[in-house]
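See below for the structure under consideration.
There are 2 protein chains.
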Amino acid sequence: MKRVKLTVAYDGTAYHGWQIQPEGDTIEEELNKHLSELLREEIHVLGASRTDAGVHALGNVAVFNTSARMPVEKIAFAMNTRLPSDIKVQRSEQVADDFHPRFCKVRKTYRYQIWNRAIPNPLVSRYSTFYYYDLDEKRMQKAADCLKGRHDFSSFCTAKPDRPNHIRTIEAISVERSGDMITVTITGDGFLYNMVRIIVGTLLRVGGGQMEPEEMKTVLEAKDRSLAGDTARPEGLTLVSIEYL
Amino acid sequence: MKRVKLTVAYDGTAYHGWQIQPEGDTIEEELNKHLSELLREEIHVLGASRTDAGVHALGNVAVFNTSARMPVEKIAFAMNTRLPSDIKVQRSEQVADDFHPRFCKVRKTYRYQIWNRAIPNPLVSRYSTFYYYDLDEKRMQKAADCLKGRHDFSSFCTAKPDRPNHIRTIEAISVERSGDMITVTITGDGFLYNMVRIIVGTLLRVGGGQMEPEEMKTVLEAKDRSLAGDTARPEGLTLVSIEYL
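Heads up: the protein sequence lines correspond to chains Y and G, in order. For what it's worth, the numbering used here labels the leading residue of the first sequence as 855, then goes sequentially. For what it's worth, the numbering used here labels the leading residue of the second sequence as 855, then goes sequentially.
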């Protein structure tokens, strides 16, 4: 029996998120189906991050046990000949028998892309959110700086009653413009439900001038979801990497 | 009566190319349909470049006449509320009554993207070609340099009997790597049928070591299609811009 860790990239456009649903295709379901066929035993993966419908990943993580003889590093290549073009395993490796993708100390990085121009660009619209009005990325960076460090992020979280601990650490958060594309990159030790998308929704208010950068601190300290911005749309979000420490 | 020039961007994945076909959706058809509905008169656009099935564009050009009163610069915005998300008009402007998108002196730029890694990346696979084996972009640039200038490009052309003139000028051609992505960018006064894709197919042979960079000159001078490489796949190709001189 071996425990295998897969690093998985996917375009989430066509999926109802990671987690198996009664209706609609999911990433988890595709992995289970093709792993089970490939290894000829029933496989149920354990995912690191249950990304929402429409969210993308370059490096989500799935773990499973197998007694199949196939060399572990070949599983990535064998899976990629079976998987659809919008899901590809980037790496397969053996891990310790007690490795759990969710209950370990990690460093996660997300990026959120905003196409900030009066006209949408169909070559980037699957992986970014279109924002018509001018955004000032320097104001957005100033507001983002208020979020760095260890805080209670209740203001930036869609409530889930079963997860009462809202304290997380943001190690780094940057807002960079390259032409018409603004990219927000956030690294931290974990993220609450919808946390990145609500942070981005609030940064959009700052960037568009409806909120001052300094007010970000007030919103954070209030621990009140109603003071933060809207949850930004899913298509702009990509889970870039999960580093196990 | 006004003559209007549209600059059009599209993700070609779902289309059977630019030109109207008996079967399958085309870019030309989508533009004709939505322009006719918007302006309430029958519109048939004249395209600058008849891109093939699966090829993308950031700046293809379509021209038509209209007697509608709508201000010309508003047509782009009005069209974008009607067009599907994978086709968007970037700009609409009035041009001279005798302006023809194909019979003018132009500078066209194409780019071709190659994802050069052992594992495909689903977040770039719509807009690039996957190439498993290592490519040496410096060798590719050396070969590409042989093509600069005014030449008979018969070796890099799928024959069309009705277009006997195969002399074109390549102003610039660059091969650049950024991480796992190699981008070939070509600017010239016009391109023969499949010319960019055959040039890239030949550069792939050079980059992979099956052909020496200097042999590119021999292939060019032979004016023989059979000496060049395969026609590279369509999804890597994007028509970036058409500049009217």
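Every residue, glycine too, gets a C-beta built ideally from N, C-alpha and C. The model shown is predicted, which means the values in this text are computed figures rather than measured ones.
In this structure, DSSP gives Val1050 of chain Y a helical state, which the three-state scheme calls helix. Here Ile1024 of chain G really is in contact with Leu1001 of chain G; their C-beta atoms are around 5 Å apart, less than 8 Å. Of all residues in the stretch 934–957 of chain Y, those with a C-beta nearer than 8 Å to a C-beta of chain G are Asn934, Ser939, Asp940, Ile941, Lys942, Val943, Gln944, Arg945, reading in chain order.
Using a CB distance below 7 Å, the part of the stretch 899–913 of chain G facing chain Y consists of His910, Leu912, ordered along the chain. Taking CB atoms only, Tyr981 of chain Y has a neighbour in chain G less than 8 Å away. Within chain G, the C-beta atoms nearer than 9 Å to that of Asn975 of chain Y come from Ala863, Leu912, Lys942, Gln944, in chain order. Under DSSP, Tyr1098 of chain Y shares a beta bridge with Y:Val960. In this structure, Arg1087 of chain Y lies away from Val1038 of chain Y, with their beta-carbon atoms at least 8 Å apart. Arg923 of chain Y and Pro974 of chain Y have their C-alpha atoms spaced approximately 49 Å apart.
Here Cys958 of chain Y is exposed. Its C-beta has fewer than 16 other C-beta atoms within 10 Å. Listed along chain G, the residues sitting closer than 8 Å to Ala930 of chain Y by beta-carbon distance are Ile973. With a cut-off of 8 Å on Cβ pairs, the stretch 1041–1059 of chain Y is not in contact with the stretch 874–892 of chain G, counting fewer than three such pairs. Around the Cβ of Gly1083 of chain G, a 10 Å sphere holds 16 or more other Cβ atoms; the residue is buried.
Of G:Arg1059, G:Pro938, G:Lys859, G:Asp865, the smallest CA-CA separation from Ala916 of chain G is found for G:Lys859. Secondary structure at Ser1028 of chain Y: strand, using DSSP grouped into helix, strand and coil.
Straight through space, the alpha carbons of Asp940 of chain Y and Phe931 of chain Y are spaced by roughly 15 Å.
Looking at G:Lys1071, G:Gly1061, G:Ser1095, G:Arg857, the one whose alpha-carbon comes closest to that of Asp951 of chain G is G:Arg857. Residue pairing of Phe918 of chain G in beta bridges, as defined by DSSP: G:Val858. For Ser982 of chain Y, the three-state secondary structure derived from DSSP is coil. Straight-line measurement puts the Cα of Ile881 of chain G at about 16 Å from the Cα of Val1094 of chain G. The beta carbon of Met855 of chain Y sits closer than 6 Å to those of Asn919, Ser921, all from its chain and outside the five residues before and after it, given in chain order. Taking all protein chains shown into account, Arg1004 of chain G has fewer than 16 neighbouring C-beta atoms within 10 Å of its C-beta and is therefore exposed. A straight-line Cα-Cα distance of about 19 Å links Tyr987 of chain G and Ala998 of chain G. Residue Y:His910 holds the alpha-carbon nearest to the alpha-carbon of Gly866 of chain Y among Y:Asp879, Y:Gly901, Y:Arg904, Y:His910. DSSP places Val1073 of chain G inside the alpha helix (DSSP H), whose first and last residues are 1069–1076.
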